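Taking this note's numbering, the leading residue of the sequence shown gets 1, the next gets one more, and so forth. We put the CB at the ideal spot given by N, CA and C, even for glycine. Being a predicted model, the structure only gives us computed values, none of them experimental.
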Amino acid sequence: IYSDNSSANTIQGNTLATDGTTGCHGIMLETDSMNNTMTENTIQTYVTSHSYGISLTGDSDNNTITNNNISTNGTADYNYGINLNTASNLISGNIISTNGTSVNRGMYIGGSTCKYNQIIGNTVTTDGSTGNNAGFSLTNYPERNTISGNTINAHGPSTNNGMHFAIGSDNNSIVNNTIYTYGSSSYG
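Structure, rendered in structure tokens:
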């Protein structure tokens, strides 16, 4: 499902499956797609790499993503459950799993426009055959986001992080999360 500059829609109870080589999305909102609700959907992606369950980009703010079951699977890298580059969204009660070789992210939260998001009570599992997987990855200046009450499992042979902060990830609130990491050189 693709939304470009479209607001106040409800996307509910759908089963979405994508299959391709790269760049596949279950749901993508971009260019000022605001005040939409995505709930109770089942999303599965099967690609080589760059697989996204739900993506919010281009000032698509004030959206609600709740109670979805998201599974992104790739035979290579960069498989993201939720790719978030926008502000003031509620992401709650989702079950997210990612699987590929490496750089699998349950949620990628990135960019200077990524502010004031509430990410609460999600269950996230990342798995990779070569490592460098993270439940949550915050990078490129996201700030003032709240990440609370989530359960995170990060699997792989090495370098797995429950939460990974990089490049100006400042003033975010990380509260009451449960994090399990597996593999050498891994961090909560």
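Less than 9 Å between the beta carbons of residue i and residue j, yes or no?
| i | j | result |
| --- | --- | --- |
| Asp61 | Thr31 | no |
| Gly100 | Ser129 | yes |
| Gly106 | Tyr78 | no |
| Asn104 | Leu138 | no |
| Ile152 | Ile179 | yes |
| Leu84 | Ser112 | no |
Which of the three DSSP states is assigned to residue i in this structure?
| i | result |
| --- | --- |
| Asn177 | coil |
| Gly162 | strand |
| Asn154 | Per the sequence shown, residue 154 should be read as Ala rather than Asn. The answer is strand: DSSP assigns Ala154 an E or B state. |
| Ala17 | strand |
| Glu40 | coil |
| Asp59 | coil |
Thinking residue i and residue j are a contact (beta carbons under 8 Å), I'd like their distance in whole angstroms, please.
| i | j | result |
| --- | --- | --- |
| Ser51 | Thr45 | 4 Å |
| Asn41 | Asn14 | 5 Å |
| Thr37 | Ile1 | Thr37 to Ile1, Cβ: 12 Å. No contact. |
With respect to the beta strand (DSSP E) encompassing residue i, which residues constitute its N-terminal and C-terminal limits?
| i | result |
| --- | --- |
| Asp4 | 2 to 4 |
| Ile27 | 22 to 30 |
Could you tell me which uninterrupted beta strand (DSSP E) segments, each at least 3 residues in length, are contained entirely in the segment 66 to 149, listed from first to last along the chain? Secondary structure remark: continuous beta strand (DSSP E) runs of at least 3 residues inside the segment 66 to 149, in chain order: 69 to 74, 79 to 84, 90 to 92, 95 to 102, 104 to 110, 118 to 120, 123 to 131, 134 to 139, 146 to 148.
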